[in-house]
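Peer 1:
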């Protein structure tokens, strides 16, 4: 693979090359996205669990399932993140309950002291973290935080809105 293409076009090129069995393209994919996917894994699992094993499994799944990638349905990065997220959630759900709900106490405290938060949106991001990274449903997060489901959904919308504002 001698062609250097970046961005979405580069991702599309990589996906096509990998579908053809190009190992060099797969190596480039790993170099490009392993740090991003490892960051996701580390955010989803406690520090004492082997994220490298999940990352390796994710890339094996990517190689095996590359034919199922459809650029009309999602970006390549979104597809990679979804594969990795599912594997990390499966691992997180296999952990003892005290690890799975580790951060709920932190978010309960943040919710009680909402007005004292120095970082705008930290409560919303904490709730987003519980639902997206820890795999709780809105209903489970609401029960754990002792707040209405609609309040959880509102906080998630605010977190996404804040992320969009910070990106632009």
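In this note's numbering, the protein residues as written are -4 to 163. The C-beta atom is built at its ideal place from N, Cα and C for all residues, glycine as well. If you're wondering where the values come from, they're calculated on a predicted model, not measured in any experiment.
(1) To which residues of the same chain is residue 46 closer than 7 Å at the C-beta, ignoring the five residues directly before and after it?
(2) Tell me the rounded alpha-carbon separation between residue 13 and residue 61.
(3) Keeping to the same chain, check which residues put their C-beta closer than 6 Å to that of residue 84; ignore five residues upstream and five downstream.
(4) If you draw a straight line from the C-alpha of residue 135 to the C-alpha of residue 157, how long is it?
(5) Report the option in 21, 79, 154 whose CA atom is closest to the CA atom of residue 123.
(6) If you run the structure through DSSP and keep just helix, strand and coil, what is residue 124?
(7) Decide if residue 119 is buried, meaning its Cβ has at least 16 other Cβ atoms within 10 Å, or exposed.
(8) What three-state label does DSSP hand residue 56 in the structure shown?
(9) Just to confirm the assignment, what range does the alpha helix (DSSP H) spanning residue 36 have?
(10) Within 10 angstroms of its Cβ, does residue 4 collect 16 or more other Cβ (buried), or is it exposed?
Peer 2: According to the data block:
(1) 33, 36, 37, 40
(2) 7 Å
(3) 130
(4) 23 Å
(5) 154
(6) helix
(7) buried
(8) helix
(9) 18 to 39
(10) exposed
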